[in-house]
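Under the numbering used here, think of the first position of the sequence shown as 1, with each following residue one higher. Every residue, glycine too, gets a C-beta built ideally from N, C-alpha and C. Predicted, not measured: the structure shown is a model, and the values here were computed from it.
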Amino acid sequence: MASPGGNIDLLKFIPEHVKYKLLNLDITGESKNVELSVIYNGSAERVRERVAELGGNFIDLDYGFGIVEFPIQSINNVSLIPEIVYVELPKILYTTFLPSNQASCIPQVWTTYGLTGKNVIVGVIDSGIDYTHPAFKTADNKTRIKFIYDIGTENIWDENQINEALQSEDPYSIVPQRDTLGHGTHVTGIACAGGNIDRKYYGVAYESDIIMVKMTREGKSNYTKSTQIMRAIKFLIDKGRDLRQPLVINLSFSTNDGAHDGNSILERYIDTIASLERVSICIAAGNEGEAGHHASGIIDTIHSVVLNVGAEEKIITIQLYKDFVDNLSLEIINPMSTSSGKIRISSGNYFEGNLGTGKYYIYNSGPSPFNLVGEVTIVLDSIRGNVTEGLWKINIYTSEGNLINQFEMWLPIAEGLNPNTKFFNPDPYNTLGIPATVGNVISVGSYNCLTDNISSFSGRGKRLGNPNKPDIIAPGENIESASPGGGFTTLSGTSMAAPQVAGSVALLMQWGIVEGNDPFLYGERVKYYIVKGASRGRRDILYPNAIWGYGKLCLNGAMETWMAEGNIRHKNFKNSMLVYIPKDLNLNIEE
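See below:
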């Protein structure tokens, strides 16, 4: 379920047992410590000292971002640290489950340019990897995996340890890491499977190096937290610096927890990393296109939103984002027509009450330092058992008739709910999952490469978005790739589309950076060639748009675009040199 936004002070008003529910501690069975994303000023060491003095731990993520960890009863201590200027509770992100390489014009690039991803790192943030799978070994049975980092256990295994395990009769006694969910193995295979397997199963960058950051707990779930995503990104950036190799990151997790406007700490951190590091980041658009989890509208004195609640929902979180409206009231009506009565939201921070056999909680965060749009979180809970099935109604009232009061509502993403839990009249736009909402990453939607139709589940951008999202679409239906145990299986989702783009980016970075043709071919520059080279063959579609982005991935088109423009650009680079300084900030020094 979703967390209650960025205002940590709100938790002062919430009873202890409700805190546990809102922070998922009673659901996941995790320790009663809470990780918080923070933005800080000044010295990281000073922040670390102050956090330790108050009984917590601090992890520095660079560029003024960090993570603090406190016991739940002590989390308000963070407000006592003057260097910390903003705090956000962790968000819950879920994995988002004709050969596709041919559809994306990839074999032509293999043969014409000899690109394989060699000496480029593909960093995958996912559920783990079956490191014994032949798809991730070289021809001489050596691993292509540089590191496996298990966030949950804090264990790190390097290339030497993995090779030692592969030579052992009992590899898991040396590297006890498995991908029981299978998602990470499948995703990594799409991006970079190779070695001694049938070539029809080859990934795009089949000779690239691999780093896997395992996010999900062994055999238990398909979700992670935003704080863990941030730690994973820092780990990959640090290893890319240490190895001095180009890095592309694939992220196939998403969440609806936030305003979808790029202003959460998670989104801002990814934006900062993508702007300041020598990295390209590809993120799945999410599978919310047809899920019915987004509603929007204009409040003209009253607007009613109807929600169908499916079976066996323990607790449901609804996030409401609205324009700055002072006189806003809510009314919740359950399937038995029992009403909460009008609740004037502007009169306080936190409200709760009984509603038939259930309860509701409402808390109002108001605007944040980074967002004018205020957040109101509505939680439907049960006193015993499950939330009542059937049609619920939420009436939104305002008395400010001379203002255009627009609102948007989100439920948690599909992987966290019963499929029948959805809005009665949903809005399929603005269903791109966070953090694919970040402007300077490559956001990837899905299409069916056999029917040439968009995948109904593919997350959509805003009707009128700037920047336009998603950026590109790639094959994401019935994609065959590696599975734990040495075999191959078929899965669908934008999770399957994103790694094909990540592998394609790895080939472009090999061409530009490794082979010296274009030392700045990463980040927004590599995205330029990806979107400009995209296939836009559908005459019935105007590009770019919120469904198809700039078109279908065509790696050969990207290379042809570079070849057409690259000679001019190469003349500008040939009398230049790239100098690396701490944090890999790049300076172009003309001779």
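Query: Distance, Gly416 Cα to Ala506 Cα; Result: 32 Å
Query: Buried or exposed by the 16-neighbour rule on C-beta atoms within 10 Å, applied to Gly390; Result: exposed
Query: Residue of Arg384, Asn386, Tyr363, Val387 minimising C-alpha distance to Thr377; Result: Tyr363
Query: Chain-order list of residues whose beta-carbon lies under 7 Å from that of Gly29 (same chain, five-residue window excluded); Result: Note that Gly29 scores a pLDDT of 46, beneath 50, so its modelled location is shaky; the value from the coordinates is reported in the next line. Taken in chain order, the list of residues that qualify is empty.
Query: Three-state class that DSSP yields for Cys192 in the structure shown; Result: helix
Query: The segment 321 to 336 in contact with the segment 442 to 459 per 3-pair CB rule at 8 Å; Result: no
Query: Glu480 versus Ile442: straight-line alpha-carbon distance, rounded; Result: 23 Å
Query: Cα-Cα separation, Leu98 to Trp511; Result: Annotation note: pLDDT 49 at Leu98 (below 50); position unreliable, coordinate value reported separately. Approximately 27 Å, taken between the alpha carbons.
Query: Assigned exposure category for Ile156 - 16 Cβ within 10 Å defines buried; Result: exposed
Query: For Trp157, the first and last residue of its enclosing beta strand (DSSP E); Result: 155 to 158
Query: Alpha-carbon to alpha-carbon, Gly523 and Gly557; Result: 18 Å
Query: Residue range of the alpha helix (DSSP H) that includes Thr494; Result: 494 to 509
Query: Proximity of Thr255 and Asn334 at Cβ, strictly below 7 Å; Result: no
Query: C-alpha gap between Asn163 and Thr143, whole angstroms; Result: 6 Å
Query: Glu590 burial status per 10 Å Cβ neighbour count (16 or more: buried); Result: The pLDDT assigned to Glu590 is 43, lower than 50, so where the model puts this residue is not dependable, and the model offers no usable value.
Query: Start-to-end residues for the beta strand (DSSP E) that takes in Gly123; Result: 121 to 126
Query: Contact between the segment 192 to 211 and the segment 131 to 140 (3+ Cβ pairs under 8 Å); Result: yes
Query: Residues near Phe351 by beta carbon distance below 6 Å, same chain, minus five either side; Result: Ile343, Ile362
Query: Residues near Val38 by beta carbon distance below 6 Å, same chain, minus five either side; Result: Gly66, Val68, Ile84, Val87
Query: Beta strand (DSSP E) segment containing Asn468, residue limits; Result: Per DSSP, Asn468 belongs to no beta strand (DSSP E) and is neither H nor E.
Query: Cβ neighbours of Pro107 in the same chain (closer than 7 Å, five flanking residues each side left out); Result: Asn101
Query: Arg244 versus Asp540: straight-line alpha-carbon distance, rounded; Result: 45 Å
Query: CB of Glu35 within 7 Å of CB of Pro90, strictly; Result: yes
Query: Contact under 7 Å by Cβ, Leu555 with Ser104; Result: yes
Query: Expected contact under 8 Å - CB spacing of Thr317 and Pro426 to nearest Å; Result: 17 Å between Cβ atoms; not a contact.
Query: Gly219 - DSSP class collapsed to helix/strand/coil; Result: For Gly219, the predicted model reports a pLDDT of 49, less than 50, meaning its position is unreliable; a value from the coordinates is still stated below. Looking at Gly219 - three-state DSSP - the assignment turns out to be coil, as it is neither helix nor strand.
Query: Reference Asn595, options Leu80, Ala482, Ala205, Tyr40, closest by Cα; Result: The requested residue 595 does not occur in the structure, where the chain is confined to residues 1 to 591.
Query: Residue burial classification, Gly258 (beta-carbon count within 10 angstroms, cutoff 16); Result: buried
Query: Three-state secondary structure assigned by DSSP to Trp548; Result: coil
Query: Beta-carbon proximity list for Asn33, same chain, < 8 Å, skipping 5 on both sides; Result: Glu69, Phe70, Pro71, Ile72
Query: Length at least 3, wholly inside the segment 48 to 93: the beta strand (DSSP E) runs in chain order; Result: 57 to 60, 65 to 71, 84 to 88
Query: Span of the alpha helix (DSSP H), counted from its first residue to its last, around Asn327; Result: It is not in any alpha helix (DSSP H) - Asn327 carries neither H nor E in the DSSP assignment.
Query: According to DSSP, residues forming a beta bridge with Gly286; Result: None; Gly286 has no bridge partner.
Query: Backbone secondary structure at Gln161 - three-state DSSP; Result: helix
Query: Neighbourhood of Asn478 by C-beta distance below 7 Å, restricted to the same chain and skipping five residues each side; Result: Thr490, Ser492
Query: Nonlocal neighbours in the same chain, by C-beta distance under 6 Å from Pro499, ignoring five residues either side; Result: Val187, Ile190, Ala191, Asn250
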